[in-house]
Amino acid sequence: MTPTPRPLRIGNASGFYGDRFSAMREMLEAGPLDVLTGDYLAELTMLILGRGRMKDPRAGYATTFLRQMEECLGLAAERGTRIVTNAGGLNPGGLAERLRELAERLGVGVRIAHVEGDDLLPRAGELGLAHPRYGRPLTANAYLGAWGIVECLRAGADIVVTGRVTDASLVTGPAAAHFGWARDDWDALAGATVAGHVLECGAQATGGNFAFFQEVHDVRAPVPAGFPIAEIHADGSSVITKHEGTGGAVTVETVTAQLLYEIGGPAYAGPDVTTRFDTIRLRAEGPDRVGVGGTKGEPPPATTKVCLNHLGGHRNEMTFVLTGLDIEAKAAFARAQLEAALGDDLPERAEWTLIGGPGPDPATQGEATALLRCAVLDPDPDRVGRAFSGAVVELALAGYPGFTMTSPPGKGGPYGVYTPAFVPSEEIEHVAVLPDGSRRVIDAVPSRTDGTDEGSGAGSGDGSGVAGAVEPEEGSAPYARWRDVPHVRVPLGRIAGARSGDKGGDANIGVWARTEEQWRWLAEFLTVERLAALLPETRALTFTRHALPALRAVNFVVEGLLQEGVSASTRFDPQGKALGEWLRARLVDVPETLL
17 MTPTPRPLRI GNASGFYGDR FSAMREMLEA GPLDVLTGDY LAELTMLILG RGRMKDPRAG
77 YATTFLRQME ECLGLAAERG TRIVTNAGGL NPGGLAERLR ELAERLGVGV RIAHVEGDDL
137 LPRAGELGLA HPRYGRPLTA NAYLGAWGIV ECLRAGADIV VTGRVTDASL VTGPAAAHFG
197 WARDDWDALA GATVAGHVLE CGAQATGGNF AFFQEVHDVR APVPAGFPIA EIHADGSSVI
257 TKHEGTGGAV TVETVTAQLL YEIGGPAYAG PDVTTRFDTI RLRAEGPDRV GVGGTKGEPP
317 PATTKVCLNH LGGHRNEMTF VLTGLDIEAK AAFARAQLEA ALGDDLPERA EWTLIGGPGP
377 DPATQGEATA LLRCAVLDPD PDRVGRAFSG AVVELALAGY PGFTMTSPPG KGGPYGVYTP
437 AFVPSEEIEH VAVLPDGSRR VIDAVPSRTD GTDEGSGAGS GDGSGVAGAV EPEEGSAPYA
497 RWRDVPHVRV PLGRIAGARS GDKGGDANIG VWARTEEQWR WLAEFLTVER LAALLPETRA
557 LTFTRHALPA LRAVNFVVEG LLQEGVSAST RFDPQGKALG EWLRARLVDV PETLL
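Under our numbering, the residue at position 145 of the sequence shown is numbered 161, and the numbers go up by one with no gaps.
Here's what the structure looks like:
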């Protein structure tokens with residue numbers, strides 16, 4: 017009888033470029049790991065790296081990772097922990113070379129490989145990736161899959177550096193290499209993809225950004241949340257945990273929250289496998305241990321998603337401080353004065369946001385204060401530069417009473433525009449550059465043919481349409497069971513958690529119930545129309561609603577709320593991170609028995 021392979025223990029030490037610097041050392045020192053991953057890339061990060069590469073062609077990678085390895089390379093080698101990271105950004109080969117120089121200088125014998133082929137910028141014209149308004153992109157990177165990582169690890173690499181791969185590939189690749197999965201082991205690959213999705217954002221899986229944060233953190237004496245670990249089994253199932261003694265918590269709900277982060281529908285499509293999020297089953301297996309199983313996989317689409325960033329123009333913002341009485345009148349006066357002062361030089365796009373408001377009889381100046389933010393965008397840097405911010409300052413002695421601002425005038429800066437594109441997978445030359453320098457081309461994975469994009473889940477929703485203030489139909493039998501019972505008007509967050517985020521210019525809001533009975537009510541109550549009524553700023557936009565009963569959750573995708581992506585968005589919350597908490601704060605009539 018063949019013995020069952022032991023689980024592969026994979027940890028994460030970075031959820032974004034700028035995450036806790038000490039996390040890599042903490043993860044290596046606190047307990048055994050087979051593999052340590054680091055996710056440094058996001059759509060905005062690619063833009064930042066692209067602008068850096070314009071100044072220095074040798075740049076384009078996450079320099080933070082190199083500094084972390086300065087202090088942790090020897091420790092990782094000593095512990096026998098392999099490192100897999102996408103910190104290579106736009107220049108994975110360059111980062112791999114810097115790592116070899118570092119290893120030689122430190123006297124640490126490690127084998128380093130990298131994955132390339134995601135950079136499609138040289139072929140942007142050939143592949144039709146130019147934007148009708150902004151022209152040739154600044155960056156154009158395909159979301160590669162796991163199989164280049166697999167080849168590097170099978171060739172003996174201790175460190176694998178990639179460019180733009182899907183976040184989950186950092187976990188799926190090591191798992192596939194360890195267990196010897198075939199390319200059509202769809203269920204196993206899907207299970208590892210789910211583990212990768214849980215790990216990719218670091219401490220969000222261990223209680224970070226968690227709706228019920230007071231249940232998992234000591235808010236008076238907080239301990240830094242530990243980073244997550246996945247113990248992956250040969251069938252792709254896993255247990256999510258963290259190092260003993262670290263802060264935060266791993267519970268079914270913290271894992272649920274992360275599973276709902278930045279997704280679309282149940283069919284989560286990537287370059288290696290389409291993962292059915294509606295098949296995921298979670299179970300508590302002890303303190304800080306959550307089992308993840310049951311996940312089904314299907315072939316990937318025939319196209320690969322490409323992240324495009326274009327230089328869109330220039331932006332700036334100024335914020336007025338409004339205090340005391342007549343806040344709305346003061347805001348209207350400030351706006352009218354500035355628009356009159358700018359006249360024909362008014363920027364192409366301006367968004368005004370009034371934030372907060374004084375409470376009755378404010379005991380502190382903070383309680384008496386609101387903020388009025390004006391964000392402007394224009395192709396002309398002069399129009400949004402000192403001409404704009406200086407005009408604000410010139411109102412200081414001629415405006416509303418108590419005039420002050422949160423910052424001095426500035427010249428602003430450029431912004432980027434994000435758009436997704438899709439190219440046939442066979443057009444991408446996915447290459448593993450092995451430790452000995454040899455190159456191995458990775459063929460595209462056999463696919464289905466519906467062209468679903470990475471993570472979009474197109475076509476798998478249970479309701480969509482242009483949102484409006486129309487109330488949902490409440491006469492259906494499931495909803496009617498609560499019709500004649502006493503209701504209490506409370507914040508939705510009393511019985512539901514939420515997590516929200518960005519998918520380019522779209523936003524997603526995942527909402528989950530805490531009990532089965534609450535789920536039965538929530539699934540009927542929280543319709544597309546109801547969500548639009550609760551979040552009036554979204555009413556003119558198109559929604560798609562996806563139900564995930566096994567997670568007791570619904571996920572909404574709100575198209576275009578974030579405009580042209582985080583860098584170009586003039587919203588106060590440009591990545592949609594706080595939408596879920598706004599929704600949880602809205603008052604709704606909840607059946608008393610559910611509380």
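Each residue gets a CB set at the ideal place from its N, CA and C atoms; glycine is no exception.
Residue of the options minimising C-alpha distance to residue i
i	options	result
P153	D174, F572, Y434	Y434
H330	S585, P23, T609	S585
L137	H130, K593, A156, W598	A156
V308	D396, A206, H326	A206
G340	R365, T420, D174	T420
L567	V181, A208, A539	A539
R22	A184, I248, N102, R36	I248
P48	R305, T385, R41, R95	R95
E647	V268, P417, G90, G576	Since the displayed the chain opens at 17 and closes at 611, residue 647 lies outside it and no answer follows.
W123	A93, A129, G133	For the sequence presented, residue 123 should be read as Gly rather than Trp. Measuring from the Cα of G123, the nearest candidate turns out to be A93.
G125	V176, L89, R149, A158	L89
T356	I165, S583, G415	Rather than Thr, the amino acid found at residue 356 in this sequence is Ala. Comparing Cα positions, the closest option is G415.
L388	R587, A601, N28, E608	R587
L550	W598, S30, A523	W598
E553	G68, R299, D55, G576	G576
M334	D294, A162, A366, C390	C390
M62	G105, T380, A300, L413	G105
D360	V544, A403, R499	A403
G196	W163, H213, F349	W163
H213	L275, A192, Y159, H233	L275
P397	L595, A379, A448, G328	G328
Pairwise C-alpha distance: residue j and residue i
i	j	result
I525	R127	42 angstroms
T97	A46	13 angstroms
L411	L354	8 angstroms
R456	H194	19 angstroms
G172	A512	47 angstroms
R292	D605	33 angstroms
G144	I458	23 angstroms
V266	L215	12 angstroms
P303	D203	27 angstroms
Q230	V271	16 angstroms
R180	L557	30 angstroms
R25	G252	12 angstroms
A211	A246	6 angstroms
L338	S405	17 angstroms
G475	T311	Per-residue confidence for G475 stands at a pLDDT of 30, beneath the threshold of 50, marking its modelled position as unreliable; the derived number appears in the next sentence. Cα to Cα, G475 sits roughly 19 angstroms from T311.
T101	T53	5 angstroms
G592	L44	33 angstroms
D50	L111	22 angstroms
G382	H147	45 angstroms
C168	L450	5 angstroms
R613	F226	A question about residue 613 goes unanswered here, because the residues of the chain that appear run from 17 up to 611.
G27	I296	21 angstroms
K346	W537	43 angstroms
V461	T209	15 angstroms
V504	R600	15 angstroms
D589	D518	10 angstroms
V582	I64	12 angstroms
T79	T543	45 angstroms
Any chain E beta carbon closer than 7 angstroms to residue i
i	result
V501	Absent from the structure: chain E. Only one protein chain is present.
Residues that DSSP places opposite residue i in a beta bridge
i	result
K258	P244
A391	E333, E367
G47	Its beta-bridge partners do not exist; DSSP assigns none.
D522	K519
Y277	Paired residue(s): none; Y277 is not in a bridge.
I64	I64 pairs with nothing; no bridge assigned.
T339	T385
N28	T53
A357	BP columns for A357 are empty, so no partner.
E314	T290
Completely contained beta strand (DSSP E) runs for the segment 94-178, where each covers 3 or more residues: If we require 3 residues or more, the beta strand (DSSP E) runs fully inside the segment 94-178 come out as 98-101, 128-132, 155-158, 175-177.
Runs of beta strand (DSSP E) wholly within the segment 399-479 (minimum 3 residues, chain order): If only uninterrupted beta strand (DSSP E) runs of at least 3 residues are considered, those enclosed by the segment 399-479 are 429-440, 446-449, 455-458.
Inter-stretch contact at 8 angstroms, needing at least 3 Cβ pairs: the segment 358-373 / the segment 314-327: Using a C-beta cut-off of 8 angstroms, the segment 358-373 makes no contact with the segment 314-327, since fewer than three inter-stretch Cβ pairs fall below that distance.
The segment 243-258 contacting the segment 421-435, beta-carbon criterion three pairs below 8 angstroms: In short, these stretches do not touch, since the Cβ pair count stays below three.
Cβ pair count under 8 angstroms reaching 3, the segment 209-222 against the segment 23-35: Touching, yes, given that three or more Cβ pairs across the two stretches are closer than 8 angstroms.
Cβ contact (3+ pairs, closer than 8 angstroms) linking the segment 436-451 and the segment 525-534: Verdict: no, contact absent.
Any 3 or more C-beta pairs closer than 8 angstroms across the segment 277-291 and the segment 173-189: Judged by Cβ distances under 8 angstroms, the segment 277-291 makes contact with the segment 173-189, as three or more pairs qualify.
Length-filtered (4 minimum) alpha helix (DSSP H) runs lying within the segment 531-586: Within the segment 531-586, the complete alpha helix (DSSP H) segments of 4 residues or longer fall at 532-541, 544-550, listed in chain order.
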